[in-house]
Each structure stands twice: as C-alpha cells, then as structure tokens.
Amino acid sequence: MTDNTGRITRRDILLTGGAALAGTTLLGTLSNIAWGQTTKQLGVTTKNGGTKPIYVPDSGTNDPVAHSLADNLFWTDILMEHAKFFVMLMPGPELAAQRGRAEQFQASFASQFAKAQSASLDRSNFAAFNRSTVELVKPFVDFKHEMKAAQEAGKLNSLVWPLFFEHTAREAERFTRRLDRLSRGEAALERGEVVDFWTMIMAEHADFVAHLLDPQENALVQKAMQTSTAFRGLHAQKPASKDPVEKAVNDIIDFKVAAGKGIQTGTIKSIIHPALADHVRREAGKFADELKRAA
C-alpha cells in the first residue's frame with residue numbers, strides 16, 4: 191500500500207512487520223535513526239533513535255563497572271517511567287494516595303538516574319552504588335505487587351492493567367538480580383536467560399499495543415496480536431539457533447520505531463502516549479544488544 195504520492199507509508203511497515211520492506215527508503219531511514227551515531231561516556235555507549243537514548247556497555251566489554259553504569263542508566267530511567275505511567279493512569283481524587291506514592295517513586299528514580307549520570311564509578315565503589323539502586327527498587331517492586339493484587343480484587347479502580355503491574359515488577363526484579371551479579375564481578379549474559387526474559391516482555395508489549403490502539407485500527411491490532419503470538423512461540427520453543435530470535439527482534443524494533451513516528455505525527459489513532467511508545471522501543475533495543483552479547 192502507498193499513499194496518494196506513491197510513497198511507502200509507516201503503516202505499510204507496521205503491517206508487513208518490516209522485513210519485506212527492508213530495501214525501502216523509509217525503513218532504511220528509520221533503521222539509521224534507531225541505530226545511528228553513538229556517544230561514548232565512561233565505558234557506556236548511547237544509541238539514539240527516539241526521544242531518549244538506549245544505554246549499553248561499550249562493544250565487547252565484560253567490565254562489570256561498565257555494565258553496572260549502563261544498566262543503572264538504562265533501568266533507573268525505565269523505572270522512573272513506570273512510575274510516571276502509573277501516575278498518568280491513576281486519575282482523580284479517589285486515587286490520590288496511590289498516585290502520590292507513585293510520584294515519590296518517580297522522583298526517587300529520577301534522582302538515582304541523575305546520580306548515575308554524574309557518578310565516577312570504579313572497582314572500589316561500583317558495588318556500593320549498585321546496592322543503593324537495589325534498595326530503591328525493592329519497595330517499588332512491592333508497590334507493584336500490592337497494586338496488582340488490589341486491582342485484581344476490585345479494591346483499586348485505576349486504569350492500570352494487572353498485567354502491566356506484573357510486567358513492570360518482573361522487569362524490576364530482573365534488574366536487581368543483574369545488579370547483584372555485576373556486584374560479584376559476573377558480567378557475562380547467558381543466552382537462554384536473555385531469550386526467556388525478553389521474548390515474554392516483547393510479547394506483552396505487543397499485547398499492550400493491541401489494546402491501546404483505536405478500535406478502528408483493526409489491521410494494526412491484528413498485526414500486534416500476531417507479533418505477540420510469534421514471541422510467545424519463541425518463548426516456548428527457546429530455539430537453539432540465533433537467527434529466528436534475531437529476526438524477530440529486528441522486526442519488532444522496526445515496528446516500534448514506525449509506530450512511534452505514527453503516534454507522534456497522528457497518522458496512527460491510539461491512546462498510546464509518545465513516552466510509552468519510546469519506552470518500549472528502548473526496551474527492544476536493549477534486548478537486541480543483550481542478545482548480541484550473550485554466550
């Protein structure tokens with residue numbers, strides 16, 4: 191499908207999953223934006239392509255200090271946004287108390303992110319910094335589980351799905367486990383763990399997108415659900431070959447980049463906030479990076 195000028199549209203990329211249009215000018219442009227210039231910072235590379243960069247360790251490094259800094263920068267910002275989304279989805283005076291707690295977490299992780307940006311981490315202090323982050327994450331995980339149970343029991347009437355509370359808790363729990371391992375000097379990523387964790391995260395992202403698109407966007411809803419099914423299949427199969435997982439990750443990055451642009455420009459009808467669209471794009475980029483590093 192093309193628009194009335196004959197150009198390939200972002201909607202075409204979304205509906206085809208990206209791979210079939212790999213040679214088109216638009217997809218090439220989007221891919222260059224998503225994985226374009228990198229900026230070096232204390233053993234950390236920032237990959238640009240949206241509202242915010244993706245923080246990853248320098249290529250080829252197994253230095254636990256560099257990995258700790260990259261993960262602190264990436265995940266404290268992600269957790270700050272989790273709290274931000276909870277605030278947005280807890281409207282009205284009846285949710286003021288829960289919203290206030292979410293606002294406190296938002297401020298806490300924004301502060302920790304700023305500390306990570308200015309920190310001079312080395313072998314003598316990186317484990318202590320990791321521990322300080324873990325101590326901030328633990329009560330946020332508890333909050334997410336508490337809110338999930340309350341939402342499921344009908345005691346909390348927010349706009350947050352129970353699955354979104356669970357999904358974000360799982361991400362935070364994995365982050366703390368990663369920091370604990372890094373603090374012991376263990377930087378290597380195990381491919382099975384990376385695939386097991388991220389394929390389910392990607393499947394749920396696709397579920398979220400499908401349920402936040404305008405009902406009129408039927409074709410895109412169906413494409414999102416197909417993407418969810420594909421990642422759930424990879425999660426169940428845990429293929430030994432890297433190829434199907436890498437292809438699925440590249441396709442969902444193209445999907446998310448194009449969706450983000452469509453949401454920003456109003457060419458896709460949805461209730462997806464641009465910050466959420468960029469949030470899930472960055473997580474897909476983190477998956478791609480971890481998959482490349484995993485043994």
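Note that our numbering numbers the sequence shown so that position 275 is 465, with each residue one more than the last. Note that CB positions come from ideal geometry on N, CA and C, so glycine has one too.
Query raised in the report: Which partner residues does Ile244 have in the DSSP bridge list?
Result: Here the question's residue 244 lines up with position 54 in the sequence shown. The partner list for Ile244 (beta bridge, DSSP) reads Lys237.
Query - alpha helix (DSSP H) runs contained entirely in the stretch 353 to 417, provided each spans 4 or more residues - result: 381 to 402
Query - Pick from Leu466, Ala465, Ala449 that is closest to Lys459, judged by C-alpha positions - result: To locate residue 459, count along the sequence shown from 1; it is residue 269. Residue Ala449 is the option with its Cα nearest to Lys459.
Query raised in the report: In this structure, what does DSSP give as the bridge partners for Ser460?
Result: Along the sequence shown, one-based indexing puts residue 460 at 270. Beta-bridge pairing links Ser460 to Leu403.
Query raised in the report: Quick one: what does DSSP say Lys274 is sitting in, helix, strand or coil?
Result: Sequence index remark: in the sequence shown, residue 274 carries index 84 (1-based). Helix at Lys274.
Query raised in the report: Apart from the five residues on each side of it in sequence, which residues of its chain come closer than 7 Å, Cβ to Cβ, to Trp225?
Result: What you label residue 225 is simply residue 35 of the sequence shown in a count that begins at 1. Only weak support exists for where Trp225 lies, its pLDDT of 36 falling under 50; the value from the coordinates is given anyway. Correct list, in chain order: Lys237, Gly239.
Requested in this report: For the stretch 245 to 312, list the alpha helix (DSSP H) runs that are entirely contained and at least 4 residues long, ordered along the chain.
Outcome: 254 to 278, 286 to 308
Query raised in the report: Ordered along the chain, which non-local residues of its own chain (more than five positions away) have a Cβ less than 6 Å from that of Val246?
Result: Counting from one through the sequence shown, the residue named residue 246 turns up at place 56. The residues are Thr235, Ala260, Asp479.
**Report entry** First through last residue of the alpha helix (DSSP H) which encompasses Ser146
**Finding:** This structure does not reach residue 146, given that the chain is present from 191 up to 485, and the question cannot be answered.
Requested in this report: Evaluate Pro329 with the Cβ neighbour count: other Cβ atoms within 10 Å of its Cβ, from every protein chain shown; 16 or more gives buried, anything less gives exposed.
Outcome: To locate residue 329, count along the sequence shown from 1; it is residue 139. So Pro329 counts as exposed.
Query - Contact the stretch 296 to 304 vs the stretch 364 to 384: 3+ CB pairs below 8 Å - result: no
Requested in this report: Please determine if the stretch 359 to 372 and the stretch 400 to 411 are in contact, where contact requires at least 3 C-beta pairs separated by less than 8 Å.
Outcome: no
Requested in this report: Check Thr219 in the structure and name its three-state DSSP category.
Outcome: Against the sequence shown, residue 219 aligns to sequence position 29. Low confidence applies here, because Thr219 scores a pLDDT of 30, under 50, leaving its location unreliable; read the following figure in that light. In this structure, Thr219 counts as helix in the three-state DSSP scheme.
Query - Where the alpha helix (DSSP H) through Ala449 begins and ends - result: By one-based count along the sequence shown, residue 449 stands at place 259. 433 to 455 is the span of the alpha helix (DSSP H), which, as asked, contains Ala449.
Report task. Ignore the nearest five residues each way along the sequence and tell me which others in Ala340's own chain have a CB closer than 6 Å to its CB. Result -> Here residue 340 corresponds to residue number 150 of the sequence shown, with the count starting at 1. These residues qualify, in order along the chain: Leu346.
Requested in this report: Taking Ala420 as the reference, give the member of Leu466, Asp397, Arg364, Leu403 with the closest Cα.
Outcome: The residue labelled residue 420 in the question sits at position 230 within the sequence shown. Cα-wise, what sits closest to Ala420 is Asp397.
Query - Option nearest Phe365 by Cα separation, candidates Met337, Trp265, Pro405, Ala286 - result: As a position in the sequence shown, residue 365 is number 175, starting the count at 1. With distances taken between Cα atoms, Phe365 lies closest to Trp265.
Query raised in the report: Around the C-beta of Gly475, are 16 or more other C-beta atoms found within 10 angstroms, so that it is buried, or is it exposed?
Result: Looking up residue 475 in the sequence shown gives position 285. Its Cβ being crowded by 16 or more others within 10 Å, Gly475 is buried.
Query raised in the report: Which residues in the same chain have their Cβ closer than 8 Å to the Cβ of Pro434, if we skip the five residues on either side of it in sequence?
Result: Residue numbering aside, residue 434 sits at position 244 when the sequence shown is read from its first letter. Result list for Pro434: Leu424, in chain order.
Report task. Report, in whole angstroms, the separation of the C-beta atoms of Ile462 and Met392, which I expect to be a contact under 8 Å. Result -> Mapped onto the sequence shown, residue 462 falls at position 272. Mapped onto the sequence shown, residue 392 falls at position 202. Not quite, the Cβ-Cβ distance comes to about 16 Å (not below 8 Å), so this is no contact.
Query - Coarse secondary structure for Trp225, derived from DSSP in three states - result: Along the sequence shown, read from residue 1 onward, the residue named residue 225 stands at position 35. The predicted model places Trp225 with a pLDDT of 36, which falls under 50 and marks its position as unreliable, so this point remains unresolved.
Query raised in the report: Between Leu466 and Lys482, what straight-line distance do the alpha-carbon atoms span, to the nearest angstrom?
Result: The residue labelled residue 466 in the question sits at position 276 within the sequence shown. The residue labelled residue 482 in the question sits at position 292 within the sequence shown. Answer to the nearest angstrom: the Cα atoms are 25 Å apart.
Query raised in the report: If you draw a straight line from the alpha carbon of Leu403 to that of Val350, how long is it in whole angstroms?
Result: Numbered from its first residue, the sequence shown carries residue 403 at position 213. Numbered from its first residue, the sequence shown carries residue 350 at position 160. Looking at the two C-alpha atoms, the distance is approximately 16 Å.
Query raised in the report: Does DSSP put Val350 in a helix, a strand or coil?
Result: Along the sequence shown, read from residue 1 onward, the residue named residue 350 stands at position 160. The answer is coil: DSSP assigns Val350 none of H, G, I, E or B.
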